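Asks: Quick one: this structure, given as structure tokens, is what I'll be asking you about.
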Amino acid sequence: SLTSVTIGNSVEDIGYQAFASCSSLTSITIPNSVTSIGGGAFDGCSSLNSVTVPESVTSIGKSAFKGCSAIDSIVWNAKNCADASSLETAPFYAIRSQITSFTVGENVEHIPAYLCTGMDKLTSMTIPNSVTSIGERAFRNCSSLTSITIPNSVTSIGKKAFCGCRSLTSVTIGNGVTSIGYEAFEGCSSLTSITI
Numbered sequence: 004s005l006t007s008v009t010i011g012n013s014v015e016d017i018g019y020q021a022f023a024s025c026s027s028l029t030s031i032t033i034p035n036s037v038t039s040i041g042g043g044a045f046d047g048c049s050s051l052n053s054v055t056v057p058e059s060v061t062s063i064g065k066s067a068f069k070g071c072s073a074i075d076s077i078v079w080n081a082k083n084c085a086d087a088s089s090l091e092t093a094p095f096y097a098i099r100s101q102i103t104s105f106t107v108g109e110n111v112e113h114i115p116a117y118l119c120t121g122m123d124k125l126t127s128m129t130i131p132n133s134v135t136s137i138g139e140r141a142f143r144n145c146s147s148l149t150s151i152t153i154p155n156s157v158t159s160i161g162k163k164a165f166c167g168c169r170s171l172t173s174v175t176i177g178n179g180v181t182s183i184g185y186e187a188f189e190g191c192s193s194l195t196s197i198t199i
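Here it is in structure tokens:
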């Protein structure tokens with residue numbers, strides 16, 4: 004029956020399955036003191052309709068948002084969150100097909116590996132000027148993305164970062180990039196314009 008939660012500013016960790024199956028929970032504010040969100044922390048919170056990940060978060064466990072069937076919007080402010088080790092451990096993998104809006108915050112420096120993999124309803128993505136690196140497979144199979152501009156602040160694009168983005172028609176890569184990973188744009192079958 005829990006509908007809302009307020010987490011104090013001294014909390015640093017949200018543990019494993021901390022709010023699992025709180026099916027009436029509609030909103031939660033995660034304070035900027037939290038550095039880790041455990042696996043399955045919000046698993047089954049089927050009434051939760053959006054999530055904002057604060058700047059302080061450095062790790063998110065497997066299936067943290069699994070079963071959050073109402074979430075379609077994510078605000079990602081985590082400045083330097085660790086890469087997921089595989090697709091299955093990516094924080095939003097279980098709800099990837101329902102996300103229509105994904106906002107990357109203005110202070111984010113690293114876009115982690117697998118972060119948006121398979122979010123096939125995303126049509127646009129803005130990468131802010133604070134970002135310096137894009138992890139491997141970060142946007143793999145975002146098949147509805149039509150264009151992407153990678154700002155001058157980015158120095159590296161991970162392998163398969165945009166692999167399978169088959170609706171992507173144009174890419175602009177800023178002058179800060181020094182490395183583009185293996186098959187970064189493999190399978191981008193609509194790509195007709197690239198500016199490096």
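In my numbering, the protein residues as written are 4 to 199.
Using N, Cα and C, we set each Cβ at its ideal position, and we do this for glycine too.
These figures come from a predicted structure and were not determined experimentally.
With C-beta atoms as the reference, is PHE105 less than 8 Å away from LEU90?
Replies: Walking along the sequence shown from the start, residue 105 turns up at place 102. Walking along the sequence shown from the start, residue 90 turns up at place 87. No. Outside cutoff.
Asks: Taking THR32 as the reference, which of ASN80, LYS162 and THR195 has the closest Cα?
Replies: Residue mapping note: residue 32 aligns to position 29 of the sequence shown, counting from 1. Ranking ASN80, LYS162 and THR195 by Cα distance to THR32 puts ASN80 first.
Asks: Measuring only from the beta carbon, is GLU15 closer than 7 Å to any heavy atom that is part of the ligand GDP?
Replies: This structure lacks the ligand GDP, and indeed carries no ligand of any kind.
Asks: With which residues is SER170 paired in a DSSP beta bridge?
Replies: Your numbering for residue 170 matches position 167 in the sequence shown. Looking at the DSSP assignment, SER170 forms no beta bridge with any residue, so it has no partner.
Asks: Around the C-beta of ILE77, are 16 or more other C-beta atoms found within 10 angstroms, so that it is buried, or is it exposed?
Replies: By 1-based counting over the sequence shown, the position of residue 77 is 74. The residue is buried, with at least 16 neighbouring Cβ atoms inside 10 Å.
Asks: Only counting the same chain, and skipping five residues up and downstream in sequence, which positions put a Cβ closer than 8 Å to that of GLU196?
Replies: For the purposes of this step, residue 196 is taken as the residue at position 193 of the sequence shown. According to the sequence shown, residue 196 is Ser rather than Glu. Result list for SER196: THR172, SER173 and VAL174, in chain order.
Asks: Would you mind working out which of ILE160, LYS162, SER193 and MET122 sits nearest SER150, comparing C-alpha positions?
Replies: Working through the sequence shown from its first residue, we reach residue 150 at position 147. Nearest C-alpha to SER150: SER193.
Asks: Helix, strand or coil for CYS62 per DSSP?
Replies: Indexing the sequence shown from 1 puts residue 62 at position 59. The residue you asked about is not Cys; residue 62 is Ser in the sequence shown. In this structure, SER62 counts as strand in the three-state DSSP scheme.
Asks: Below 8 Å CB to CB, which residues in the same chain sit around ILE153 once its five sequence neighbours on both sides are set aside?
Replies: Taking the sequence shown and counting its residues from 1, one reaches residue 153 at position 150. The residues are ILE130, ILE137, ILE160, VAL174, THR175, ILE176, GLY177 and VAL180.
Asks: Should SER66 and ALA97 be called a contact, given that it needs their Cβ atoms to be closer than 8 Å?
Replies: Start at 1 with the first residue of the sequence shown, and residue 66 comes out as number 63. Start at 1 with the first residue of the sequence shown, and residue 97 comes out as number 94. For SER66 and ALA97, yes; Cβs fall inside 8 Å.
Asks: I'd like the list of long-range same chain contacts for ARG169, defined as Cβ closer than 8 Å, with 5 residues on each side in sequence excluded.
Replies: By 1-based counting over the sequence shown, the position of residue 169 is 166. In the same chain as ARG169, and ignoring 5 residues on each side of it, the C-beta atoms closer than 8 Å to its own belong to SER146, GLY190, CYS191, SER192 and SER193, in chain order.
Asks: What separation, rounded to the nearest whole angstrom, lies between the Cα atoms of GLU186 and SER133?
Replies: Walking along the sequence shown from the start, residue 186 turns up at place 183. Walking along the sequence shown from the start, residue 133 turns up at place 130. Going by the C-alpha atoms only, they are around 24 Å apart.
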